[in-house]
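With positions in the sequence shown counted from 1, the corresponding number in the numbering used here is that position plus 7. Cβ coordinates follow ideal geometry from the N, Cα and C atoms, glycine included. To keep things clear, I will list the structure first and then write my remarks on it.
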Amino acid sequence: MLEADLEAVVDAIEAYRFSQGHYPSILGQVRFPDSLAQLVNGAQLAYRPDDKGYALEWSLAHWRASYTSETAKISVEPLPKR
C-alpha cells in the first residue's frame with residue numbers, strides 16, 4: 008500500500024508540473040484527491056525539489072519509501088524495530 012500511495016503522490020506532482028510548467032516549490036501547491044490528501048496531511052513526507060527535479064521520502068513506523076524524479080524509481084524498505 009505504501010508504494011501505491013507514493014506512486015499516487017508522484018502522479019499528482021507530475022500533473023502539477025504538466026499544468027504549471029514547473030515542479031511545485033512546496034507540496035502545499037499540489038492538489039491531491041481527498042483520500043490521498045488525508046494521508047499526505049498526516050504523513051512524514053519529505054519533499055525536496057532541486058534544479059533537476061525532486062526527491063520524496065515517506066517514513067512510517069516500520070517502513071520508509073523514497074522516490075527521485077531522476078531515476079523515476081520507488082524504493083520501499085523496512086526500518087529496524089526500536
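task = From the DSSP output, read off the bridge partner residues of S66.
result = Position 59 of the sequence shown holds residue 66. S66 is bridged to Q51 and R71.
inquiry  = Under DSSP, the beta strand (DSSP E) around E84 begins and ends at which residues?
reply    = Residue 84 sits at position 77 when you count from the first residue of the sequence shown. Looking at the DSSP string, the run of the beta strand (DSSP E) that includes E84 is K80 to P85.
request  = Starting from the C-beta of Y23, find all residues in its chain whose C-beta is less than 8 Å away, skip the five residues before and the five after it, and write them out in chain order.
outcome  = Sequence index remark: in the sequence shown, residue 23 carries index 16 (1-based). So the list reads Y30, P31, Q36, V37 and R38, once near-sequence residues are dropped.
key: Selection from D41, L34 and W70 that minimises the alpha carbon distance to R55   = Here residue 55 refers to the residue found at position 48 when the sequence shown is read from its first residue. Here the closest residue by C-alpha is L34.
ask   = What first and last residue would you give for the alpha helix (DSSP H) that runs through D18?
value = Counting from 1 along the sequence shown, the entry for residue 18 is found at position 11. Start and end: L9 to Q27.
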